[in-house]
Structure formats: C-alpha cells, structure tokens
Amino acid sequence: MPTETPLTKNIRPDLAPTDLKAYESNGGYRGVRKALKTAPAEVTNTVKQSNLRGRGGAGFPTGSKWSFVPVGKESPRPKYIVANGDEMEPGTFKDRVLMEGDPHQLIEGMIIAAHAIEADIGYIFLRGEYTLAAKRIQKALAESYEAGYLGKNIFGSGEHFELYLHISAGRYMCGEETGLLNALEGKRANPRAKPPFPQSSGLWGKPTVVQNIETLCNIPHIISNGAEWYKKLSHTPNGGTKLYGASGKVKRPGLWELPMGTTIREILEEHAGGMQDGLKFRGLLPGGASTDFLIEDHLDIKMDFDEVQKAGSRLGTGTMIVLDDKTCPVGMCSNLEHFFAQESCGWCTPCWSGLSWVAQMLEALEAGEGKPEFLEQFAFQTRFLAPGNTFCALAPGAVEPLQSALKYFRGDFNRHIQEKRCPWR
Amino acid sequence: MLTPEERQEIEAELPRYPKKRAVCIDAMKIVQRHRGCVSDESLHDVAEFLEMSRDELDSVATFYNLIFRKPVGRHVVMFCDSVSCWIMGCDRVREHLSERLGLQPGETTPDKRFTLLPIVCLGACDRAPVMMLDWELFQDLDPRKIDVILENYK
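Line by line, the protein sequences are chains A and B.
Going by the working numbering, the residue at position 303 of the first sequence is 1222; the numbering climbs one at a time, nothing skipped.
Going by the working numbering, the residue at position 149 of the second sequence is 1022; the numbering climbs one at a time, nothing skipped.
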C-alpha cells in the first residue's frame, strides 16, 4: 500500500510554492470550512483523539495543550495563537520546507487552531534568515485576506481572525516557547518562569498557544479526514506521519514524509541511501543537536516519541545528524557545545557559565590540551545542567549529545588526552 | 533623525501589535535596511520614537544576531558553522572565503565591499555546506562554486 503523505502532497521537488488556487484544487481549506461549523470543544477533542504530539521537539499532546486555554464568554481577550517558525535547531530543516512549499497549509492549520481556542489574533513567528519563506508567507497571507479567509467574518462564519507575520532577527532562544513570547513583545528572548503557562498568561498576559509549524500543518488533515484516519497513518500509537530528515555523510541527504514510527534503519538505509562509499556508520543524533547520540544497536528502533525515549534519546525534530567513522566525535561535540554556549541567553548561571566551560574544555581537547580531569568535569556538568536546574530546556538539551558521547565514544575522548592531539587531524 | 520614509515604514508595523515597543526589532531592521547598520544615533532615535529607554533598546539590539550595531560592507557573507555543515566541511568554506576576501570572520574589506560573518544553522542541512550572501541562500558549496558566486557581487 503506498504511504499517504498529507503534509507534503503539494510540495514539489524544486520547492516551488503552492498558490491559493492550487492549494484549494487539491482539497485545501476544506478542513477549516468543516471546523468552523463544528463547536470549538469538538475540534479540540478530535485533535486530542488523533494522538497528535507537538513536532517542535518536546512532543506534548496538542489537543491537551489547547484544552488548557480558558474558553467561553468570560475568558480573557484577545487570545493568541502563535506558529513557531524559529527553526534554528542545528541539523533541522523541515519547517522551512513546509513554509516555502505550502504556506496555505500552515495558514489553514492556524485558522482551525484559532477557532478551537477562540483566538482573535495569530502571529507566524519566523526566523530572520528564512527570507524565501517570508516572501511566500506574505504572498499567501495576502491571498487569504483577499479571499475573505482572514480578517473579519472569515468564510462568512461571523468569526474574526487576524493573522500576521513577525520576522525575527536571529537567536536560538526564540524557539523556546516563552522566549519566543518575549521576542514577540520586543524584548530579549529570555525564558519566562512557568507557571503561569502561556495558555493562561502568554503574549501581553493573555491566553496564548504556541505550536510548531509541522504540528499546525497536520491540523487541516486531521479535521478533514478524522482522528481514526490520522492514527492509522502511523506505525505506532503516536498519530500521523512525520517529516524525517538525514544530514551528514550519507549518500542521499534529504527530507521524507513517512509514517510515524518508521525505523531508523529504514530512514538511514532506504531513504538516505546508507553511508557514503568508504565510510562507516558510528552514530547519530536522532532529532537535532540537542538529542542524545544513538549507535548501531539502536538502528531497529521506531522513530517515535516513546521508542526513542526508551533508547535513551529523544525524537526531537526527527531530523537526524549522522556521524561517520572519519569524523571526530569529540570535534562534533565541540562544535555543538560552542553553538549552545553562544546561543545561551545568559539568563541563568548554570547555563551560561556551565556551557561556556564545557565548550572551552572541548576546544582544549581538540587542540591537544586536554587533561584527564576534564572527563570528571564533563560528567559533573552534564548532571549539573540536567532538567530542573535551569530556567528552560536549552542547557539540559545542550548536554544530551555530550553525555551520550561520553558513554559511546569514551575511547575517543581518552585518545585525545593521551595523544595530546585530535587523532582525526 | 529618522527619515520620513523610515518613520512611515515603522508606523506601518504598529497596528499589528497592542504595544509600541513590540515593533522595536522591526524598527531596527528598517533602519538597518536603509543605513547598513544601527548606529548609536539611530538607536537613540528609534528608542525615542518608540518611547523606550536607549539602554533598553540596546539590550534588545545586542541580543539578536541579525542586528548590526557596527557598520558592515555592501555585501554580507554569512557562512554556516553549525554541526551538519561542520561535518560536511564548513572549515574549508571558511578558509576559502577568508583567503578570497582577505578577511577573518567579523572583518570588513577596506573598500567596504564585503563583511564576513559566521551564522548558525540555516536549515538547509541536506545541502551542506551552505552560506547566505545578502540574505540569499547558497547551498552545496565548494571553493569553485564560491568563486563563481562572488563574481556576481561587486
């Protein structure tokens, strides 16, 4: 049976954008018409039943997230829906494809989400470097306003929804839900304390839901085809399809929409074509820079939230970064921790201080100046920066690749110290 | 002083947000588009226009990678140095750019033609290594391809 690919069915290999006419002729804006005739609570319920979990990395059940928003006449106004298009997790390139290739799908998902939580205003929060996506979203927004799908009395339903594009100016922290809200308010993207959660007190203190781009793009299909259909797309209890990607020295790096729960082996060997000639597989980060390494033993696990977690890592963004046997794992960690130390917002001490220390030690190791006590220090820092010790998830995520590298590639760390050089150079 | 054009562009952003300061990043990007960077004087003018303190606005300006507080060249070359590009050889890209332009990252050519900067993951990891030149993405880079691209930016 051929696999269904609802998210990418309109996306062409050259990423030429789908305009309003093409989108509608392929079933677009059907889900929203159905949703607007359905009670908001029922829409939320369908999303809950679909088992859709957030595609930004944390995997929180989307329907549950919506159900925490106060609804009804007494609820605070305005309420907001925000699309998180600040894709800046190194190794991740899925939301860009969705925004460039089929911007109307995102808009439709946002209108439905807005209806479900009774949001009045929406923002698409886009990272500044995504200039092509910005142009295409602008054009799609203009088309939707022109057609009466956005603004006052959308689709003749009597409901109003304003949707704006906000183009940011580059900083990894903007991808963190509460950092993003600060950025949208024109502040530094420092994280906010939780609780209160954004669903009750978000943008300008009003109820707000922030969702990843891929998550929102799933919504029209769930509403059009139903929760049962959506669940059946998946190989596992986590519903739907998933955009999986591979980068690094594989034969065919790329992005594929596959059933949720496709095995790592299938993605790596069938879709990415295996390793480049002359190279051997050593490990991979399954879902972006802030996930733990997995190794050969893990190739047959299913790429969904639960299975990857059982293997000691996280599905994250589902875009894997592959490490080959001619690339230095310590150098790779050094690159990763340099990124996280640089992008730490500086708000809490364990993060800015711990990560820059870790990054400096890794750099020293690569330069042949490593000392045996570094290994103890790495182990200490990875515990010290674990969840619960910092304001947000940046630092705990940052040490995930390091803690697992220490487990799987310990010999490589030792060689750097003993030989006083990087053996790969 | 903000030019009438800059004021108009900033004002056009205001209706999308309930608070004035929310447009401060947009406002600085508008100024930067017209003048190349956000100087101390421009920062002051934008802060005044949005009823913010200068320090408050500067704390925002210095937080975001794409707001330039110092002058840059006519063309800004930003090479990705994040993990997938690192695996695929972004060090070679950086070395070649440095050699061709005679610049270390963070520097501008004396003729103000090019500025070279590192940038974080550009979300095109399947086509690594990549760079942005004047906000346009270039993928699958190698030294020869870089030479061909640079020829188009005088």
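Each residue gets a CB set at the ideal place from its N, CA and C atoms; glycine is no exception.
These numbers come from a predicted model, not from an experiment.
Length of the line joining the Cα atoms of residue i and residue j
i, j, result
"ASP1007/B", "VAL949/B", "5 angstroms"
"ALA1061/A", "ILE1030/A", "15 angstroms"
"MET920/A", "PRO1178/A", "With a pLDDT of only 44 at MET920/A, under the threshold of 50, the placement of this residue in the model should not be trusted; the figure read from the coordinates follows. MET920/A and PRO1178/A: Cα-Cα distance of roughly 12 angstroms."
"SER944/A", "PHE941/B", "44 angstroms"
"ILE1240/A", "PRO1016/B", "24 angstroms"
"THR982/B", "HIS917/B", "28 angstroms"
"LYS943/B", "LEU939/A", "41 angstroms"
"LYS1162/A", "LEU1174/A", "Before going on, a small fix: residue 1162/A reads as Leu here, not Lys. Rounded to whole angstroms, LEU1162/A to LEU1174/A spans 7 angstroms at the Cα level."
"VAL957/B", "HIS1257/A", "The sequence as given places Ser at residue 957/B; Val does not occur at that position. Near 14 angstroms, if we compare the C-alpha coordinates of HIS1257/A and SER957/B."
"MET1222/A", "LEU1234/A", "6 angstroms"
"ARG931/B", "ARG906/B", "Reading the sequence as shown, one finds Asp at residue 931/B and not Arg. Taking the straight line from one Cα to the other gives about 18 angstroms."
"GLY1237/A", "PRO1009/A", "12 angstroms"
"GLU878/B", "ALA1088/A", "21 angstroms"
"ASN929/A", "ASN1308/A", "44 angstroms"
"GLY1041/A", "TYR1083/A", "6 angstroms"
"ASP928/B", "ALA934/B", "10 angstroms"
"PRO980/A", "GLY991/A", "22 angstroms"
"GLY1077/A", "LYS1071/A", "8 angstroms"
"VAL993/B", "PRO1156/A", "35 angstroms"
"GLU1338/A", "GLU1282/A", "15 angstroms"
"GLY1075/A", "ASN1144/A", "23 angstroms"
"PHE1012/A", "GLY1207/A", "10 angstroms"
"ALA920/B", "MET1092/A", "23 angstroms"
"ARG986/B", "ASP1020/B", "15 angstroms"
"LYS1150/A", "GLY1273/A", "42 angstroms"
"THR1181/A", "SER1063/A", "35 angstroms"
"ARG1015/A", "PRO1291/A", "42 angstroms"
First through last residue of the alpha helix (DSSP H) which encompasses residue i
i, result
"GLN1130/A", "Taken as a continuous stretch (DSSP letters only), GLN1130/A belongs to no alpha helix (DSSP H), being part of the beta strand (DSSP E) at 1127-1131."
"GLY1173/A", "Looking at the DSSP string, GLY1173/A is not in any alpha helix (DSSP H); the run it does join, the beta strand (DSSP E), is 1173-1178."
"GLU1027/A", "1022-1036"
"ASN964/A", "959-968"
"GLU1009/B", "Note, GLU1009/B: premise wrong, no alpha helix (DSSP H); beta strand (DSSP E) at 1009-1011."
"ILE1022/B", "1016-1023"
"LEU995/B", "Per DSSP, LEU995/B belongs to no alpha helix (DSSP H) and is neither H nor E."
"SER879/A", "In the structure as shown, chain A starts at 920 and stops at 1344, and residue 879/A therefore has no counterpart that could be examined."
"SER983/A", "981-986"
"VAL919/B", "913-922"
"LEU1051/A", "1050-1066"
"ILE960/B", "956-960"
"LEU930/B", "927-934"
"LEU955/A", "949-955"
Segment limits, beta strand (DSSP E) that includes residue i
i, result
"ASN1333/A", "Unbroken run through ASN1333/A is the alpha helix (DSSP H), 1329-1338; no beta strand (DSSP E)."
"LYS902/B", "No beta strand (DSSP E) contains LYS902/B, which is instead part of the alpha helix (DSSP H) from 897-908."
"ARG973/B", "Per DSSP, ARG973/B belongs to no beta strand (DSSP E); it is in the alpha helix (DSSP H), 963-974."
"ILE1043/A", "1040-1045"
Distance cut-off 8 angstroms: residue i Cβ against heavy atoms of the ligand ATP
i, result
"CYS963/B", "No copy of the ligand ATP occurs in the structure displayed, which carries no ligand at all."
Beta carbon proximity, residue i to chain D, threshold 9 angstroms
i, result
"CYS1264/A", "This model lacks chain D altogether, as its protein chains are A and B."
TODO: Pair every Cβ in the stretch 1137-1154 of chain A with every Cβ in the stretch 945-961 of chain A, then say whether three or more of these pairs are closer than 8 angstroms.
DONE: yes
Task: Meets three-Cβ-pair contact criterion under 8 angstroms: the stretch 1279-1295 of chain A and the stretch 1116-1135 of chain A - done: no
TODO: Could you list the residues in the stretch 889-901 of chain B with a C-beta less than 7 angstroms from some C-beta on chain A, going in chain order?
DONE: ARG889, PRO891, LYS892, ARG894, ALA895, VAL896, CYS897, ILE898
TODO: Would you mind listing the alpha helix (DSSP H) stretches within the stretch 1218-1297 of chain A that are 4+ residues and don't spill past its ends, in chain order?
DONE: 1224-1229, 1248-1262, 1268-1285
Open item on the list: Short of 9 angstroms Cβ to Cβ, which residues in the stretch 986-1004 of chain B face chain A?
Closed with: ILE992, VAL993, CYS994, LEU995, GLY996, ALA997, CYS998, ASP999, ARG1000, ALA1001
Open item on the list: Threshold first: 4 residues or longer. Then list the alpha helix (DSSP H) segments lying entirely within the stretch 1072-1100 of chain A, N to C.
Closed with: none
- [ ] Can you give me, in chain order, the residues of the stretch 909-941 of chain B that have a beta carbon less than 7 angstroms from any beta carbon in chain A?
- [x] SER932, VAL933, PHE936, TYR937, ASN938, LEU939, ILE940
Task: Near-chain B residues of the stretch 968-996 of chain A (beta-carbon distance less than 8 angstroms), N- to C-terminal order - done: none
Open item on the list: I want to know whether the stretch 1325-1333 of chain A touches the stretch 1238-1255 of chain A - three or more CB-CB distances under 8 angstroms.
Closed with: yes
Open item on the list: To be precise: take each residue of the stretch 959-987 of chain B, compare its Cβ to all Cβ atoms of chain A, and keep it if any distance is under 8 angstroms. Which residues remain?
Closed with: TRP959, ILE960, MET961
Open item on the list: Count Cβ pairs between the stretch 1029-1049 of chain A and the stretch 956-974 of chain A that sit closer than 8 angstroms; are there 3 or more?
Closed with: yes
- [ ] Could you say if the stretch 905-917 of chain B and the stretch 888-895 of chain B meet the contact criterion of at least three C-beta pairs nearer than 8 angstroms?
- [x] no
Task: Contact set between the stretch 1092-1109 of chain A and chain B, restricted to residues whose Cβ is under 8 angstroms from the partner - done: ALA1102, LEU1103, GLU1104, GLY1105, LYS1106, ARG1107, ALA1108
- [ ] Scan the stretch 1316-1344 of chain A for residues whose Cβ lies nearer than 8 angstroms to a Cβ of chain B and list them as they occur along the chain.
- [x] none
Task: Residues, ordered as in the chain, of the stretch 942-959 of chain B that lie near chain A by beta-carbon distance below 7 angstroms - done: SER955, VAL956, SER957, TRP959
Open item on the list: Three or more C-beta pairs under 8 angstroms: does that hold for the stretch 1187-1203 of chain A against the stretch 1295-1304 of chain A?
Closed with: no
Task: the stretch 1128-1135 of chain A / the stretch 998-1006 of chain A touching (three or more Cβ pairs under 8 angstroms) - done: yes
Open item on the list: So if I threshold CB-CB distances at 7 angstroms, which residues from the stretch 1155-1185 of chain A count as touching chain B?
Closed with: GLY1164, SER1166, GLY1167, LYS1168, PRO1172, GLY1173, LEU1174
TODO: Ignoring anything shorter than 4 residues or poking outside the stretch 1102-1150 of chain A, list the alpha helix (DSSP H) runs there in chain order.
DONE: 1132-1144
- [ ] Using a Cβ-Cβ cut-off of less than 9 angstroms, list which residues of the stretch 1218-1252 of chain A approach chain B; keep chain order.
- [x] THR1238, ILE1240, VAL1241, LEU1242, ASP1243, THR1246, GLY1250, MET1251
Open item on the list: Using 8 angstroms as the cut-off, can you tell me whether the stretch 1049-1063 of chain A makes contact with the stretch 1015-1022 of chain A, which would need three or more C-beta pairs spanning the two stretches below that distance?
Closed with: yes
Open item on the list: So if I threshold CB-CB distances at 8 angstroms, which residues from the stretch 1123-1139 of chain A count as touching chain B?
Closed with: TRP1123
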